[in-house]
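Beneath this line is the structure, given in structure tokens, with notes to follow.
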RNA sequence: GGGCGCAUAGCUCAGUUGGCUAGAGCGUCUGGUUUACACCCAGAAGGUCCUAGGUUCGAGCCCUAGUGCGCCCACCA
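In the numbering used here, the protein residues as written are 371 to 1266.
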């Protein structure tokens, strides 16, 4: 075995190892060596957008999913992780438009076809970048099944689902008020609108001098489209006007205003009277529908005032507002202008203020009962999480608190606008044909274009979330032929679908719960009559070290790729997994990553030490478990190991990644490196070498899902056959033998405590480290075990060269005196009386407090009666032991 | 306006079903070339577990109210 370098240099191994994994074919479950009955485990990767580069959000997601995947693969599951990318319609189109703009071009100049070619080229390049970055993270996903939300197979699924929903009457086209982004020139779904608080001017004005009262608004320019004034029915000021119609001349435009009553009007706000603009406010639109009001469109799709408004026509919203305000002031109609703060709605992609306006769009009806199911999409999606649907258990959400958010969102869901006026995306599979004048167009909805002349496809595309909503099953088809509609539902006739659907868990960031997770539940329950996944695991957002969101403008962005270069992928993965709780945001700093680099290096050195020490053929690892052949330390470490296997497995299976990692670190650094390896330098035997190798092998296996590269690198250096990636997960039962007698494990803890107490006492007494001292131990009942551990007590940084063990004996004066349980230890010849006196006094104080507490507890009849017996018993024993030490120390103190 | 989360050592956070002399990592301090590792080793200091009530034999953990910070949702014109 060649000797390993002193420290682990990730960059020398990572790319080569990833290639080995990939070449092995084991990312693909078809190549795993499994029984036919092996259970399957599957995850679909939330597809990164093809626009971007890898950020820390992706990194967390990839790290967590890879942990699960590697764990289940090693456990012998038929394990599949499907990677893919998202075409992210608006985001991608916007980006390409930006690039074009730099060349002085717009998409309209290019035309639809040429523009789309540009986008496709851009997406291709961008795709390759992100895929390479996903690989950099060590992701063990099956690239042979890579999917794209806009490829041929996915397109067939999208169109089939659209058709299904259309035929079931769940998709309809209608004129409704929508969120319109004048910059993107497209609609947005309700949850794609973001709100930002800002200062705004609230104007109080009168439409005309003869109108009886004033109204307040922040958007005077829309008032050109007012068709009513709403007041609260209880507002005595306006009661007499309700039902009346006023015709007013508002800055040269005649408005017919009906005074209506509506409970939602706040009497306190403004003047208590609200100008109703049905075309440009959702609430007003709803009032208009209820009260049958006229609708006057004022603003067009460019965010400009439409024709027919005289001097205002053609102005953009801001200009028009300024002009109207100025006119109101001049004509004396303006009564008040005040600063208020309100929420403006912004496009989540480009931050442009959105304009609510009426438009003919495609919608999914969320309240209509689904034929054959008898429940609406909304009801079905709530059921899926609350009680379970189609014979499945309820979908579990981790952490559970997000259930509430989910229900709230789902229960308040309005019809989902799915059409977008952009070019990049799934074109709506609807074709129209003119039927002559004055009649509606003929409509064809289908998977393939209709035969015959004169058909024109709808120019709009689908909301990108429509296709991502199908992701858990659309990715399980490889060929469009496998996708069929049967019995009003979608059928995917593939082995993958049969084997891997529903997926086991959907792992993603919590900020995407509504955008995506909810939509997958909506789509899958309806279209497949099944759940898309059994569990949802939500991770938090990665913030900078001060808890702020990372953003380019703030300059606080940590680039995962840069960190990988500097500290290695394994360290980056750990820094994102350990020390954070499910669904909680985490703060990340470079120091944190550096800390985990140290841990990775520690693991490397543990391996380096064991491998150079135990030059064993590691095929033959039969450990002798006979009592004679195992020392206390052996028993102890083997028992620790067994517990570790149990709890790490349990933690990963229950998504407690941080805790699993924490336990592995504790074991590796503390129990193994600082104790057992040190001990192995003094206690030697062939059996011990076997134990060391066995522990190393199992430890590497357990670390592997967390830090795949360093563990695989060590594995390869060991000359082991095969890849660690597909090695069998450690077995608790390999260690069961050792647990037959737990008392020896506790015995070792006693030795450990004695050693630590000696180190401490030396340090407190300022005994120079190089100075060797003599020690005498009165071991009492522990005589045998301490006798067996003489070498350890002398060797493990206690600086003792002469050690005498007796069952008991006389008090020794002028010695440092330590008690550990009922064991008394004297350190001779190095005493500093002042310091020693202080130390003993402190110890006594401490013990007295404890003894007092315990005594009053045990004197409390309530406690003794009501607390469980084990607890009472334990407290009694503790009291006895503390009491004994206390008397011993008090006795000792008399000397000083 | 509703909902959710967080508040524990200087910093970042663990603390699963109440039994704790409240833990870890980083940082700080005292020492140390101990042939696996200075990306290291040994030792130490450091905490009214946000506040006030309550339930309980027993509360960091459960309940109620409050304070501070953060987030989400909602049609405040």
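Note that beta-carbon positions come from the ideal geometry of N, C-alpha and C, so glycine has one too.
Within 8 Å, strictly: CB atoms of residue i and residue j
i	j	result
residue 621	residue 697	yes
residue 733	residue 539	no
residue 410	residue 870	yes
residue 879	residue 422	no
residue 909	residue 952	yes
residue 393	residue 509	no
residue 351	residue 923	For the chain, the structure presents residues 371 to 1266; residue 351 sits outside this window and is missing.
Residue nearest to residue i in terms of C-alpha spacing, selected from the options
i	options	result
residue 556	598, 726, 1263, 1052	726
residue 1212	1250, 907, 1259	1259
residue 648	637, 665, 638, 759	665
residue 570	418, 713, 1233	713
residue 384	1184, 502, 900	502
residue 598	693, 607, 626	626
residue 769	955, 1229, 445	955
residue 1220	875, 1256, 763	1256
residue 1135	1205, 1100, 1180	1205
residue 864	850, 1038, 930	850
residue 1209	493, 1186, 490	1186
residue 830	843, 1002, 788, 1015	788
residue 722	762, 673, 710, 757	673
Simplified DSSP state of residue i, which is helix, strand or coil
i	result
residue 456	strand
residue 544	strand
residue 724	coil
residue 1201	coil
residue 511	coil
residue 871	coil
residue 1011	helix
residue 1216	helix
residue 1196	strand
residue 397	coil
residue 623	strand
residue 1235	helix
residue 687	helix
residue 1110	helix
residue 807	coil
residue 478	helix
Alpha-carbon spacing of residue i relative to residue j, whole angstroms
i	j	result
residue 1062	residue 1081	16 Å
residue 933	residue 1102	36 Å
residue 913	residue 720	22 Å
residue 462	residue 562	16 Å
residue 479	residue 472	14 Å
residue 837	residue 522	12 Å
residue 643	residue 682	25 Å
residue 690	residue 684	9 Å
residue 1074	residue 440	8 Å
residue 1010	residue 1069	12 Å
residue 507	residue 967	15 Å
residue 688	residue 650	15 Å
residue 1109	residue 994	14 Å
residue 618	residue 653	23 Å
residue 781	residue 974	52 Å
Own chain residues within Cβ distance below 7 Å of residue i, not counting five before or after
i	result
residue 737	746, 748
residue 786	559, 733, 734, 736
residue 939	380, 384, 506, 507, 508, 1079
residue 613	629
residue 633	602, 603
Cutoff 6 Å; reference residue i; Cβ partners in own chain excluding five residues on either side
i	result
residue 1031	947, 948, 1076
residue 433	943, 946, 947
residue 1128	1168
residue 1188	1127, 1131, 1195
Neighbourhood of residue i by C-beta distance below 8 Å, restricted to the same chain and skipping five residues each side
i	result
residue 623	594, 679, 680
residue 805	811, 812
residue 573	586, 587, 588, 590, 695, 698, 704, 706, 707
residue 771	953
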